[in-house]
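Undergrad:
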Amino acid sequence: MVASRALPIRFSSRVPVPGGALLNARARAAGRALNPTDKPIDACAAVNDRWCTGGSCWSQQMAKAKPRPAAAILLLLISFLAAAAAGGGSDAETTGGGGGMVGVDGTRFVVDDGRPIYFSGFNAYWLMLVASDPARRGKVVAAFRQAADHGLNLARTWAFSDGGDTPLQAAPGVYDEAMFQGLDFVVAEARRHGIYLLLCLTNNFHDFGGKRQYVQWARDAGHRLATDDDFFNSTVVKDYYKNHVKTVLTRVNTLTGVAYKDDPTILGWELMNEPRCDAEPTGAMVQAWVEEMAPYVKSIDGEHLVTAGLEGFYGAGAHESKDLNPWGIYYGTNFVETHRARGVDFATIHLYPDVWLWGSAADAQLAFLRNWTRSHARDADLYLRKPLLVTEYGKFLWEGVAGANRTQRDYFLRLVLDSIYDSAARGGPLVGGAFWQLLDGGMDTLRDGYEIILPEDRLAATIIGNHSRQLAQLSLVTFTGEDVDIEAAALRRRSRRSPHSNRKIRVRSVGGPSDSDSYYTQTQRLLHILLVRFMSLFTSISSLFSSV
Numbered sequence: 003m004v005a006s007r008a009l010p011i012r013f014s015s016r017v018p019v020p021g022g023a024l025l026n027a028r029a030r031a032a033g034r035a036l037n038p039t040d041k042p043i044d045a046c047a048a049v050n051d052r053w054c055t056g057g058s059c060w061s062q063q064m065a066k067a068k069p070r071p072a073a074a075i076l077l078l079l080i081s082f083l084a085a086a087a088a089g090g091g092s093d094a095e096t097t098g099g100g101g102g103m104v105g106v107d108g109t110r111f112v113v114d115d116g117r118p119i120y121f122s123g124f125n126a127y128w129l130m131l132v133a134s135d136p137a138r139r140g141k142v143v144a145a146f147r148q149a150a151d152h153g154l155n156l157a158r159t160w161a162f163s164d165g166g167d168t169p170l171q172a173a174p175g176v177y178d179e180a181m182f183q184g185l186d187f188v189v190a191e192a193r194r195h196g197i198y199l200l201l202c203l204t205n206n207f208h209d210f211g212g213k214r215q216y217v218q219w220a221r222d223a224g225h226r227l228a229t230d231d232d233f234f235n236s237t238v239v240k241d242y243y244k245n246h247v248k249t250v251l252t253r254v255n256t257l258t259g260v261a262y263k264d265d266p267t268i269l270g271w272e273l274m275n276e277p278r279c280d281a282e283p284t285g286a287m288v289q290a291w292v293e294e295m296a297p298y299v300k301s302i303d304g305e306h307l308v309t310a311g312l313e314g315f316y317g318a319g320a321h322e323s324k325d326l327n328p329w330g331i332y333y334g335t336n337f338v339e340t341h342r343a344r345g346v347d348f349a350t351i352h353l354y355p356d357v358w359l360w361g362s363a364a365d366a367q368l369a370f371l372r373n374w375t376r377s378h379a380r381d382a383d384l385y386l387r388k389p390l391l392v393t394e395y396g397k398f399l400w401e402g403v404a405g406a407n408r409t410q411r412d413y414f415l416r417l418v419l420d421s422i423y424d425s426a427a428r429g430g431p432l433v434g435g436a437f438w439q440l441l442d443g444g445m446d447t448l449r450d451g452y453e454i455i456l457p458e459d460r461l462a463a464t465i466i467g468n469h470s471r472q473l474a475q476l477s478l479v480t481f482t483g484e485d486v487d488i489e490a491a492a493l494r495r496r497s498r499r500s501p502h503s504n505r506k507i508r509v510r511s512v513g514g515p516s517d518s519d520s521y522y523t524q525t526q527r528l529l530h531i532l533l534v535r536f537m538s539l540f541t542s543i544s545s546l547f548s549s550v
């Protein structure tokens, strides 16, 4: 997904259609009214946004409520479990996003101690831009707070703005310090809220500059370049890009004093947002570029992970499945071969069936969604042996049909998140995702039809929050000797349940505790399980307090 560069911002979604043309679908964001049924959110918005509605916060309601011994005991028990469980965890202030530097172990992401981690994330391309204005940084803080309150642990955002009116890089090698300090603030806030960052280094499209701006800089310097796709093979342009990579990776955060390349808050680097190439549609040009740039990033930063930024389109390489692409055509990338490149640590796909298959029936879009996730998970397992993330997914909300439209959008969310959870629970490679896009209230100029504002969209917030808690349960429960073992019968039952059903798993440890079980003791592990389950229970009965 791509965004125009200046505020107020309106999005343009590049939609693949027959013949390789791009259908430019724009949302009329300006002046869009909020849902008239939304209740005002109290400023306290403490632990869970559902506890602060109707202008009366949870703490005020508790003060008025009659004593409830059972509720009081439950609150005390949750507090005890949270404090005890915290004893085995890492401090986000010192260890970064959620427990230290992230690595890969086969098809899993793991943190420093070897514990697997799964990602429930969001996109917010605008974080650096908004944070560059100190007066607007409250929106960045609010976004991270709301995300953390709903268990989200990954944010994907831009670490570029090439040329234009609000540049990070005004010209090759020339940087705007105020914009860079905005990115410093984003990294520091993500660290403070326990959220990892996936930082993208440039754009395939012209929004925020991207490859078109790099090519134009080279032309301005006297180099004859025919098309924007010369970004991928021009030595001059590649040197411009490498300089930007080095500048960002070696940046020392003015707020934390930690160089980006050393900061565990950062999950990894994305070489480009949605690379495509019309000049060489079968994927060879992008392939060669990734094979050069991924090792270059690793030569500067050998600690963080790297990915190419692909949408998942198949090309002409070995094990590619072009017929699965939208409209069965090429887009200039190879999903399998490019993710096999040296220096690429994990694979990505994007998922927009309603715009990719513009005008097709709902059943066709549903079939595409299922085939897209299954085929890429299969290929990541068989040919890559690397983790897979859905780094963008979303469904457009059309104006004028908000009720039915939200129902369809929420159904889409459930389908995507169930696909992720089912793979993660089985030990498969699809282990996380990030929806497009998260906004805070009052950011109407950034609405694009895909936005989710968690305090205002309660059902979507509940779906996302439940998914986050269930992935967290998989992450926090550590097993010795083997991966999570889920009984085949339970999986068969799960596969027959509707997407609206609650997820239920039965987990079995292969063995007892051992000396190698260093990250959590048996007691702490049990406390984590109980904490997750009690928090889910308490959320479901919180309406008792609001009714007083």
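Sequential numbering from 3 applies to the sequence shown in the working numbering.
In this text, a Cβ means the ideal position worked out from N, Cα and C, and glycines have one as well.
The structure presented is a predicted model; accordingly, all values stated were derived computationally and were not measured.
Given that a residue counts as buried once 16 or more other Cβ atoms are within 10 Å of its Cβ, and exposed if not, what is residue 384?
TA: exposed
Undergrad: If I measure Cβ to Cβ from residue 582 and keep anything under 6 Å in the same chain, skipping five residues before and after, which residues do I get?
TA: Any property of residue 582 remains undetermined from this structure, which presents the chain solely from 3 to 550.
Undergrad: Please give the ranges of any alpha helix (DSSP H) in the region 445-471, keeping only runs that are unbroken, at least 4 residues long and fully inside the region.
TA: none
Undergrad: Is the Cβ-Cβ distance between residue 412 and residue 462 less than 8 Å?
TA: yes
Undergrad: So is residue 394 buried or exposed if we call it buried at 16+ other beta carbons inside 10 Å?
TA: buried
Undergrad: If you draw a straight line from the alpha carbon of residue 172 to that of residue 181, how long is it in whole angstroms?
TA: 10 Å
Undergrad: First and last residue of the alpha helix (DSSP H) that includes residue 309?
TA: From DSSP, residue 309 is part of no alpha helix (DSSP H) but of the beta strand (DSSP E) over 307-309.
Undergrad: Should residue 456 and residue 152 be called a contact, given that it needs their Cβ atoms to be closer than 8 Å?
TA: yes
Undergrad: If we count the other Cβ atoms within 10 Å of its Cβ and call it buried at 16 or more, is residue 301 buried or exposed?
TA: exposed
Undergrad: What residue range is occupied by the uninterrupted beta strand (DSSP E) comprising residue 370?
TA: Residue 370 -> not in any beta strand (DSSP E); alpha helix (DSSP H) instead, spanning 364-381.
Undergrad: Checking the sheet assignment: what are the DSSP bridge partners for residue 202?
TA: Answer is 160 and 272.
Undergrad: Do you know whose CA, among 341, 244 and 327, lies nearest residue 375's CA?
TA: 327
Undergrad: With a cut-off of 8 Å, do at least 3 Cβ pairs link the region 282-293 to the region 249-256?
TA: no
Undergrad: Taking the straight line between their C-alpha atoms, what separation do you get for residue 474 and residue 161?
TA: 27 Å
Undergrad: Any idea what DSSP makes of residue 254, helix, strand or coil?
TA: Judged by DSSP in its simplified three-state form, residue 254 adopts strand.
Undergrad: Work out the CA separation of residue 232 and residue 221 for me, nearest whole Å.
TA: 11 Å
Undergrad: Out of 314, 246, 212 and 441, state which residue places its alpha-carbon closest to the alpha-carbon of residue 459.
TA: 441
Undergrad: Could you name the residues of the same chain whose beta carbon sits closer than 8 Å to that of residue 263, not counting the 5 residues immediately before and after it, in chain order?
TA: Contacts found: 251, 252, 302, 303, 305 and 306.
Undergrad: Counting pairs of beta carbons, one from the region 326-340 and one from the region 275-284, are three or more of them closer than 8 Å?
TA: yes
Undergrad: Taking the alpha-carbon positions, what's the residue 108 to residue 472 distance?
TA: Going by the C-alpha atoms only, they are around 22 Å apart.
Undergrad: Distance, Cα to Cα, residue 338 vs residue 136?
TA: 43 Å
Undergrad: Classify residue 102 as helix, strand or coil using the three-state DSSP reduction.
TA: Of the three classes helix, strand and coil, the one that applies to residue 102 here is coil, per DSSP.
Undergrad: Can the beta-carbon of residue 419 be found less than 8 Å from the beta-carbon of residue 465?
TA: Yes, Cβ-Cβ distance for residue 419 and residue 465 is below 8 Å.
Undergrad: Within the continuous beta strand (DSSP E) that includes residue 122, where are the two ends?
TA: 121-125
Undergrad: Less than 8 Å between the beta carbons of residue 432 and residue 363, yes or no?
TA: No, Cβ-Cβ distance for residue 432 and residue 363 is not below 8 Å.
Undergrad: My output table needs one value for residue 173: the three-state DSSP class, helix, strand or coil.
TA: strand
Undergrad: Looking at the secondary structure, which residues open and close the alpha helix (DSSP H) in which residue 339 lies?
TA: For residue 339, the uninterrupted alpha helix (DSSP H) segment begins and ends at 337-341.
Undergrad: Going by C-alpha to C-alpha distance, which of 361, 355 and 360 sits closest to residue 371?
TA: 355
Undergrad: Among residues of its own chain, excluding the 5 on either side of residue 382, which ones have a beta-carbon nearer than 8 Å to its beta-carbon?
TA: Closer than 8 Å at Cβ, skipping near neighbours: 109, 341, 349, 388, 389, 390, 431 and 432.
Undergrad: Can you tell me whether residue 446 sits near the ligand MN, meaning its C-beta is under 7 Å from at least one heavy atom of the ligand?
TA: What this structure holds is no ligand at all, so the ligand MN is not there to describe.
Undergrad: State the start and end residues of the unbroken beta strand (DSSP E) segment that holds residue 302.
TA: That residue, residue 302, is in no beta strand (DSSP E); its alpha helix (DSSP H) goes 286-302.
Undergrad: For the beta strand (DSSP E) containing residue 395, list its first residue and its last residue.
TA: Note, residue 395: beta strand (DSSP E), 390-395.
Undergrad: Do residue 476 and residue 427 have their beta-carbon atoms positioned less than 8 Å apart in this structure?
TA: yes
Undergrad: Going by DSSP, what residue range makes up the alpha helix (DSSP H) through residue 147?
TA: 139-151
Undergrad: Following the continuous beta strand (DSSP E) through residue 433, name the residue where it begins and the one where it ends.
TA: 432-437
Undergrad: Residue 219: which of 201, 205, 198 and 242 sits nearest, CA to CA?
TA: 242
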